[in-house]
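Protein chains: 2
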Amino acid sequence: MDLSRSPLLTDLYQLNMIQAYLEHGKTETAVFEFFVRKLPRGREFLVAAGLEQALDFLENLRFPQEDIDWLRRTGRFSENFISRLEDFRFTGDVYAMPEGTVFFPNEPILRVVAPLPEAQLVESRLINILHFQTLIASKAARHVLLVPGKQLVDFGLRRAHGAEAGVMAARASYIAGYAGTATMSAGELFGIPIFGTMAHSFIQAFDDEISAFEAFAESRPEGLVLLIDTYDTEAAAKKVVALAPKLAARGIRIHGVRLDSGDLVALSKSVRQILDEGGLQDVTIFASGGIDEAELKEFRDTKAPIDGFGIGTSLTTSYDVPALDCAYKLQEYAGVARRKRSAGKATWPGRKQVWRSYDTNGRMAGDVLSLETDNQPGERLIHQVMKGGRRMGPSPSLDEVRNHAAKNLAQLPEPFRQLDPNADYPVEIGATLLQLTKEVDRHLAQLEEAAK
Amino acid sequence: MDLSRSPLLTDLYQLNMIQAYLEHGKTETAVFEFFVRKLPRGREFLVAAGLEQALDFLENLRFPQEDIDWLRRTGRFSENFISRLEDFRFTGDVYAMPEGTVFFPNEPILRVVAPLPEAQLVESRLINILHFQTLIASKAARHVLLVPGKQLVDFGLRRAHGAEAGVMAARASYIAGYAGTATMSAGELFGIPIFGTMAHSFIQAFDDEISAFEAFAESRPEGLVLLIDTYDTEAAAKKVVALAPKLAARGIRIHGVRLDSGDLVALSKSVRQILDEGGLQDVTIFASGGIDEAELKEFRDTKAPIDGFGIGTSLTTSYDVPALDCAYKLQEYAGVARRKRSAGKATWPGRKQVWRSYDTNGRMAGDVLSLETDNQPGERLIHQVMKGGRRMGPSPSLDEVRNHAAKNLAQLPEPFRQLDPNADYPVEIGATLLQLTKEVDRHLAQLEEAAK
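In the order they appear, the protein sequences are chains U and A. Residue numbers for the first sequence follow my numbering, so the first one is 717 and each next one is one higher. Residue numbers for the second sequence follow my numbering, so the first one is 717 and each next one is one higher.
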């Protein structure tokens, strides 16, 4: 069973509501938008990702017979409702920011315009898809900005939250500028470059370290990276120096060494010295093991001679911020703007657009969030991508998305590129949006008054 | 494509190593164990989960032709190696703690005994499966212990890290004692009870709140729960009181109301009063919206009249601790015990067992971790579950697993049941394990000396 496209990746209440919508003729056009409410501490900007999988989900949404049968067996739904699910399709329009776009709180990155029951059914899975990849792309971008020019590789499948999280974290981090991933299926599914060295178990399976190095070199001569911290890192670096000419005589070049534990700053310096003194100036040092932003900053500030990093748990779980405060909210129904006013969760009503301005250096200078009919100066960030349930054209390739993200990250004002926690990006609310919000509130107050 | 069983849910280095193992005849029996190295702050015990999916993965491991073709196209592997993958099967034995068992650091919850290449290939995905469900079951158990007798429901699909995380979090939290989940596919896949109310968008799609309540009640009369915080919670509670006799006249009973924002302690008290004064003493109050341990403690300590909780992000991402420091490590190869000694990551060698003792009240009194051949007093926690790549019998049902977890949680010493951060459970290392560790170190030192 391919869970990723299941229409039952939804909450029970969605189906309860849809049944009620259908029974009460509430099938007019609804407009929902997906946005992040506020930035958590440790994030000054976000990077949109996951649109490709969201569109794939919408375009292929069907209720397989087994799901229909199961729904019937639950006894929770009317036969009329269940029979209508049999030819259920998503027929709506979708507007979105391209993947890889930098964005800020309250700016929608996706808008769904569809009959209310359709727009409601897809809520849970759309959030599930967009939230996770955006979370990871936003985290990965911070690593990329911290150590420009260094090779960053996703090592996080094992502690990612499940299979899909593993491959989607590889995709999202590649979009944000990672060089690639260790995860084979991410390579297979998305064509992401794959990287790999060797594990401690390989070393331990041999009676001594140098036999393990030799055996591995013979079998895996290309891009050969030897793991040198299983027993004594500096002693192992000396073994690498001793082994290099022996391997060279057989045409095998040692590409790099990997450090996975201990004081990586001190070890990278001593290992660099051992390698250099042994004539192995071109052998690179790759580091892994519990690396996150603090460690990358330390490596940068201490000029640790590390050429690349394998980053696992901190990346694929977004360890410091494992979820964003995001929402997919009804902004208009049957032509009338709507708004949620719950404490701390109020939303901006209507169909919105984001206009972005740039300064003379091409850096982002500020955004305006307003109604899409409001004509603001600047670049429109939201574009239509799906019409009547069908994508409007081929999606950009993953490398195009990655280039778009790189361009966006380069356009960030310098304090954001330095991950300055005091950086505050101006997002202005357009006058027509403020006006509409007031009108919706007034209208709601009148209705509430009338209902009393 | 069913990603969940893909053999390419592995790291590139596993395949690099396997190719080298095969070329160097390193195919003897390896013993790997999965364990958690240490408890993070905020966890005093863990609950094992995920074994069922781990065994399913091992039992069904095959390389589909498309994967073989893709591996060939990468140009990274020898033809001899690739052709051997075509009839690759997992043929090993597995020993494990039953799902739902409470465990502590260094205690293996799974042991794989298999030819080295097989045991190595499955590392990444086995960790991926066991880590996540154990993470979530361990988190959910804390919620369960905090509010005994209250109904806890998983609301977390939308912010779970992908589709698999969504359904597996539902499974793991149900094991730990949650009443059920809102996620339909988790109901379909595992038979977990499903729960659902209504969303703010439903209210907003109607011109006024009371029309929305009525429409929903007509379409979804069973277990009817009305969401009352969209505009003004107390005003909505009064509307519920006014609506109740009207609905009762049509045979519809309001089961409960849901609060999703604001000061839940104060609101639950005022709403309870409004309902009680309106004769609705039997209408329950269900709360959701950013609830985690601190909130549950507050509700308990302030005696907030809340009957059940929908818990999302904090549960399904294990927000405070989104990953455990776990490992799957080689403990023996070709009959010789092995050990990793890297700084901060040293492991206990050999095939291990955990013996658990109980006090006269049936509460857990302490564990002994030692070699499985060491005969210790107490209950053995690790049992063989797979032989030659096949499960040894039918798996326990999910409800049996859940009962086992409930029994284990009831047996926890009281400080652990109170989530006392100073609680410290005694895990003694057996004398034969200490002895073996010394021998392995001495042996490694001799080999290293000889290799110089």
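We put the CB at the ideal spot given by N, CA and C, even for glycine. Values in this document were obtained by computation on a predicted structure and should not be read as measured data.
Sheet register partners of residue i (DSSP bridge)
{"i": "A/GLU1069", "result": "The question names Glu, yet the displayed sequence has Gln at residue 1069 of chain A. Per DSSP, A/SER1086."}
{"i": "U/GLU904", "result": "Answer by DSSP bridge pairing: none, since U/GLU904 is not bridged."}
{"i": "A/LEU975", "result": "A/ALA1003"}
{"i": "U/TYR811", "result": "U/ARG827 and U/GLN1100"}
{"i": "A/MET1080", "result": "A/TYR1074"}
{"i": "U/LYS754", "result": "U/ASP1041"}
{"i": "U/GLN867", "result": "U/GLY1024"}
{"i": "U/VAL941", "result": "U/GLY972"}
{"i": "A/THR745", "result": "A/PRO831"}
{"i": "A/PHE819", "result": "A/LEU762"}
{"i": "A/LEU1046", "result": "A/PHE748"}
{"i": "U/VAL1250", "result": "Past the boundaries of the shown model lies residue 1250 of chain U; chain U is included only from 717 to 1168, so the question cannot be answered."}
C-beta contact flag for residue i and residue j at 8 angstroms
{"i": "A/PHE751", "j": "A/ILE843", "result": "no"}
{"i": "U/LEU1152", "j": "U/GLY1066", "result": "yes"}
{"i": "A/GLN849", "j": "A/GLY766", "result": "yes"}
{"i": "U/GLU834", "j": "U/THR790", "result": "no"}
{"i": "U/TRP1071", "j": "U/ARG1096", "result": "yes"}
{"i": "A/PHE1217", "j": "A/LEU738", "result": "Any property of residue 1217 of chain A remains undetermined from this structure, which presents chain A solely from 717 to 1168."}
{"i": "A/ARG1118", "j": "A/GLY865", "result": "no"}
{"i": "A/ILE845", "j": "A/ALA770", "result": "yes"}
{"i": "A/SER889", "j": "A/ASP870", "result": "yes"}
{"i": "A/SER901", "j": "A/VAL883", "result": "yes"}
{"i": "A/LEU1085", "j": "A/GLY1146", "result": "yes"}
{"i": "A/ALA879", "j": "U/LEU719", "result": "yes"}
Any C-beta of chain A under 8 angstroms from that of residue i
{"i": "U/TYR1035", "result": "yes"}
{"i": "U/SER722", "result": "yes"}
{"i": "U/GLN781", "result": "no"}
{"i": "U/TRP786", "result": "yes"}
{"i": "U/PHE806", "result": "no"}
{"i": "U/HIS971", "result": "no"}
{"i": "U/PHE1180", "result": "Because chain U spans 717 through 1168 in this model, residue 1180 of chain U falls outside it and cannot be assessed."}
{"i": "U/GLU1014", "result": "no"}
{"i": "U/ARG1054", "result": "yes"}
{"i": "U/ARG759", "result": "no"}
{"i": "U/PHE918", "result": "yes"}
Buried/exposed call for residue i, threshold 16 Cβ in 10 Å
{"i": "A/ALA1053", "result": "buried"}
{"i": "U/ASN1124", "result": "buried"}
{"i": "A/PRO1110", "result": "exposed"}
{"i": "U/LYS1019", "result": "exposed"}
{"i": "A/ASP945", "result": "buried"}
{"i": "U/GLY1024", "result": "buried"}
{"i": "U/LEU731", "result": "buried"}
{"i": "U/MET733", "result": "buried"}
{"i": "U/GLY896", "result": "buried"}
{"i": "A/TYR1074", "result": "exposed"}
Any C-beta of chain U under 8 angstroms from that of residue i
{"i": "A/THR946", "result": "yes"}
{"i": "A/THR913", "result": "yes"}
{"i": "A/LEU959", "result": "no"}
{"i": "A/ASP1090", "result": "no"}
{"i": "A/LEU1046", "result": "yes"}
{"i": "A/GLU768", "result": "no"}
{"i": "A/TYR729", "result": "yes"}
{"i": "A/THR1029", "result": "yes"}
{"i": "A/ASN796", "result": "no"}
{"i": "A/ASP718", "result": "yes"}
(request) Report the residues of the segment 833 to 848 of chain U with a CB closer than 9 angstroms to any CB of chain A, ordered along the chain. (result) From the segment 833 to 848 of chain U, only ALA835, GLN836, GLU839, SER840, ARG841, LEU842, ILE843, ASN844, ILE845, HIS847 and PHE848 have a Cβ closer than 9 angstroms to chain A.
(message) Any C-beta of chain A within less than 8 angstroms: which residues of the segment 741 to 757 of chain U qualify?
(response) For the segment 741 to 757 of chain U, which is checked against every Cβ of chain A, the residues closer than 8 angstroms are LYS742, ALA746 and PHE748.
(request) Please name the residues in the segment 893 to 911 of chain A whose beta-carbon is closer than 7 angstroms to at least one beta-carbon of chain D, in chain order. (result) No chain D is present in this structure, whose protein chains are U and A.
(message) To be precise: take each residue of the segment 857 to 882 of chain U, compare its Cβ to all Cβ atoms of chain A, and keep it if any distance is under 7 angstroms. Which residues remain?
(response) If the cut-off is 7 angstroms between Cβ atoms, the segment 857 to 882 of chain U has LEU873, ARG874, ARG875, ALA876, HIS877, GLY878, ALA879, GLU880, ALA881 and GLY882 near chain A.
(request) Compile a chain-ordered list of the residues in the segment 1094 to 1114 of chain U whose CB is closer than 8 angstroms to at least one CB of chain A. (result) Residues are counted here when their Cβ sits less than 8 angstroms from a Cβ of chain A; for the segment 1094 to 1114 of chain U the count is zero.
(message) Counting only Cβ-Cβ distances shorter than 7 angstroms, please list the residues of the segment 808 to 832 of chain U near chain A, keeping chain order.
(response) If the cut-off is 7 angstroms between Cβ atoms, the segment 808 to 832 of chain U has LEU832 near chain A.
(request) Please list the residues of the segment 933 to 944 of chain A that have a C-beta atom closer than 8 angstroms to any C-beta atom in chain U, keeping them in chain order. (result) Per Cβ criterion, the list reads GLU934, SER935, ARG936 and GLU938.
(request) Anything in the segment 986 to 1019 of chain A with a Cβ closer than 9 angstroms to a Cβ of chain U? List those residues in chain order, please. (result) The residues in question are GLY1005 and GLY1006.
(request) For the segment 1155 to 1168 of chain U, enumerate the residues whose C-beta is nearer than 8 angstroms to any C-beta of chain A, in chain order. (result) Listed by position along the chain: LEU1160, LEU1163, GLU1164, ALA1166 and ALA1167.
(message) If the cut-off is 7 angstroms on Cβ atoms, which residues from the segment 1130 to 1158 of chain A count as contacting chain U, listed in chain order?
(response) Contact annotation: in the segment 1130 to 1158 of chain A, no residue has its CB less than 7 angstroms from a CB in chain U.
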